[in-house]
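A short write-up of the structure that comes next.
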Amino acid sequence: MAKKIVIAGGGVLGTQIGLICAYHGFDTTFWLRSEASIGRTQPKIERYSNLMLEDLAKAKSLVGNPMGAFLYPRGLVTDWQSASPESIDALIAQAKDRFANLIHLETDMAKAVKDADLVIESMSEDPEAKIGVYEAMKDLLDEKTILCTNSSTLLPSTFAEHTGRPGKYCALHFANTIWKNNTAEVMGHPGTDPEVYQAVVTFAGEIGMVPLQLHKEQPGYILNSMLVPFLSAAQALWATGVADPKTIDLTWELATSAPAGPFKILDIVGLETAYNINQMKPQAQVEGSIENQIGKLLKEKIEKGETGVNAGKGFYDYN
Ligand SMILES: NC(=O)c1ccc[n+]([C@@H]2O[C@H](COP(=O)([O-])OP(=O)(O)OC[C@H]3O[C@@H](n4cnc5c(N)ncnc54)[C@H](O)[C@@H]3O)[C@@H](O)[C@H]2O)c1
1 MAKKIVIAGG
11 GVLGTQIGLI
21 CAYHGFDTTF
31 WLRSEASIGR
41 TQPKIERYSN
51 LMLEDLAKAK
61 SLVGNPMGAF
71 LYPRGLVTDW
81 QSASPESIDA
91 LIAQAKDRFA
101 NLIHLETDMA
111 KAVKDADLVI
121 ESMSEDPEAK
131 IGVYEAMKDL
141 LDEKTILCTN
151 SSTLLPSTFA
161 EHTGRPGKYC
171 ALHFANTIWK
181 NNTAEVMGHP
191 GTDPEVYQAV
201 VTFAGEIGMV
211 PLQLHKEQPG
221 YILNSMLVPF
231 LSAAQALWAT
241 GVADPKTIDL
251 TWELATSAPA
261 GPFKILDIVG
271 LETAYNINQM
281 KPQAQVEGSI
291 ENQIGKLLKE
301 KIEKGETGVN
311 AGKGFYDYN
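Just so you know, we're using this note's numbering here: the sequence shown kicks off at 1 and counts up by one.
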């Protein structure tokens with residue numbers, strides 16, 4: 001279906017989404033608000049494209065290894081069963097070619113969205129900023145253009161009327177490290193046209209994602225509706241002094257055969273994000289509450305620079 005994809009926002013996720021679209025052969029334009037944004041996005045494109053190419057190169061040594069089926073970059077190799085070192089080399093060559101030729105950066109919104117089949121908004125989680133861009137974009141979009149948001153916490157019904165095309169608007173939510181964790185949660189609002197919804201589901205499959213269909217709006221989608229309470233329960237055990245993070249992780253890993261317990265997951269998510277989620281709870285402001293204690297403990301670690309895997313240290317040491 002879609003031929004031209006536009007990504008609004010060149011941050012952590014926007015960059016990854018644009019790269020995965022180009023990797024799978026779609027002409028991809030990043031709309032960025034200024035030359036300064038281009039300056040910030042270009043190094044991210046460089047960084048994430050290199051990570052994707054490195055993971056493809058590593059996947060060659062996984063061919064024939066029984067663990068390979070669990071470890072290969074699922075968003076990049078669509079048919080692992082028939083993959084060979086030679087076929088992966090061909091994917092690497094094709095990716096380099098596509099990254100060089102299919103990605104465009106544009107600050108002029110009208111030029112960026114002209115003829116777009118699909119626009120994926122992946123801007124900061126700031127409702128006013130998102131509304132401002134939807135309002136600016138709505139008269140520039142072609143009749144055919146479908147608009148999606150990658151918002152993690154905001155519902156599409158909040159924005160539908162601001163897009164000027166509620167029927168052609170829904171959420172398409174990706175996970176960080178999209179080329180390995182290839183989930184695409186597709187969530188409409190009550191006014192989303194079912195045909196548009198299905199077109200988005202099809203597109204998600206075309207870019208190497210596994211489309212996960214939600215039948216109604218749900219804050220946190222499927223994943224975070226489970227993950228956030230799970231991580232909160234683990235943090236409460238820590239904050240109330242029941243057990244230390246390593247023991248809590250070990251319990252979960254041994255008892256369920258899961259590869260990572262909640263504190264390893266928190267290190268991957270990043271402690272700033274965990275702190276922000278905790279502080280949104282009204283109880284976090286109540287002195288003496290468990291949430292208040294969780295906030296204090298997370299803040300102590302953040303102030304020491306122990307914010308997780310990206311910082312080299314969180315609940316675990318990665319150096
Ligand atoms: N980081 C994650 O793990 C993750 C995972 C899934 C979904 N998301 C969602 O993706 C979206 C982007 O998150 P991110 O982590 O990439 O954020 P980020 O902070 O890395 O990037 C945000 C981008 O939005 C741009 N932006 C902000 N205000 C703008 C404006 N007024 N006009 C134009 N551009 C503007 C910034 O320049 C930047 O390029 C959010 O809605 C978030 O909820 C994030």
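Cβ coordinates follow ideal geometry from the N, Cα and C atoms, glycine included.
Original post:
What is the rounded straight-line gap between the Cα of residue 297 and the Cα of residue 206?
Top reply: Counting from 1 along the sequence shown, the entry for residue 297 is found at position 297. Counting from 1 along the sequence shown, the entry for residue 206 is found at position 206. Residue 297 and residue 206: Cα-Cα distance of roughly 43 Å.
**OP:** Throw me the rounded Cβ distance for the residue 194 and residue 154 pair, which I believe falls under 8 Å.
**Re:** Against the sequence shown, residue 194 aligns to sequence position 194. Against the sequence shown, residue 154 aligns to sequence position 154. Not quite, the Cβ-Cβ distance comes to about 22 Å (not below 8 Å), so this is no contact.
Original post:
Taking the DSSP output, what are the residues bridged to residue 78?
Top reply: Within the sequence shown, the letter at position 78 stands for residue 78. DSSP, once it has assigned bridges, lists no residue as partnering residue 78.
Subject >> Residue span of the alpha helix (DSSP H) that contains residue 27, given as start and end >> reply: Position 27 of the sequence shown, counting from 1, holds the residue named residue 27. That residue, residue 27, is in no alpha helix (DSSP H); its beta strand (DSSP E) goes 27-31.
Original post:
Shorter than 9 Å from the beta carbon of residue 29 to some beta carbon of chain C?
Top reply: The structure shown contains no chain C; it is built from a single protein chain.
**OP:** Would you tell me roughly how many angstroms separate the C-alpha atoms of residue 172 and residue 11, rounded to the nearest one?
**Re:** Position 172 of the sequence shown, counted from the first residue, corresponds to residue 172. Position 11 of the sequence shown, counted from the first residue, corresponds to residue 11. Distance between the alpha carbons of residue 172 and residue 11: 16 Å.
Subject >> Range covered by the beta strand (DSSP E) that runs through residue 168 >> reply: Working through the sequence shown from its first residue, we reach residue 168 at position 168. It is not in any beta strand (DSSP E) - residue 168 carries neither H nor E in the DSSP assignment.
Original post:
Excluding sequence positions up to five away, which residues of its chain have a Cβ less than 6 Å from the Cβ of residue 301?
Top reply: Counting from 1 along the sequence shown, the entry for residue 301 is found at position 301. 271, listed in sequence order.
Subject >> Cβ shell of residue 200 (< 7 Å), same chain only, five flanking positions each side left out >> reply: Stepping through the sequence shown from its first residue, residue 200 is reached at position 200. If we look at residue 200 and ignore the five residues flanking it on each side, its Cβ neighbours are 146, 148, 170, 172, 186.
Original post:
At which residues does the alpha helix (DSSP H) containing residue 125 begin and terminate?
Top reply: Here residue 125 corresponds to residue number 125 of the sequence shown, with the count starting at 1. Counting along the chain, residue 125 falls outside any alpha helix (DSSP H), and DSSP gives it neither H nor E.
Subject >> Beta carbon of residue 180 nearer than 9 Å to that of residue 55 >> reply: If you number the sequence shown from 1, residue 180 lands on position 180. If you number the sequence shown from 1, residue 55 lands on position 55. Cβ distance < 9 Å, so residue 180 and residue 55 count as in contact.
Subject >> Helix, strand or coil at residue 304 according to DSSP, with G and I counted as helix >> reply: On the sequence shown, position 304 is the one that residue 304 refers to. The answer is coil: DSSP assigns residue 304 none of H, G, I, E or B.
**OP:** Would you mind sorting residue 210 into buried or exposed? The rule is 16 or more other CB atoms within 10 Å of its CB.
**Re:** One-based indexing of the sequence shown puts residue 210 at position 210. Exposed, since its Cβ has fewer than 16 Cβ neighbours within 10 Å.
Original post:
Taking only runs of the beta strand (DSSP E) that begin and end inside the segment 128-194, which ones reach a length of at least 3 residues, in chain order?
Top reply: 146-149, 169-174, 183-187
Original post:
What are the partner residues of residue 234, as DSSP defines its beta bridges?
Top reply: Sequence index remark: in the sequence shown, residue 234 carries index 234 (1-based). According to DSSP, which records beta bridges pairwise, residue 234 is partnered with nothing at all.
Subject >> residue 263 to residue 247 span [Cα, whole Å] >> reply: Residue 263 sits at position 263 when you count from the first residue of the sequence shown. Residue 247 sits at position 247 when you count from the first residue of the sequence shown. Looking at the two C-alpha atoms, the distance is approximately 10 Å.
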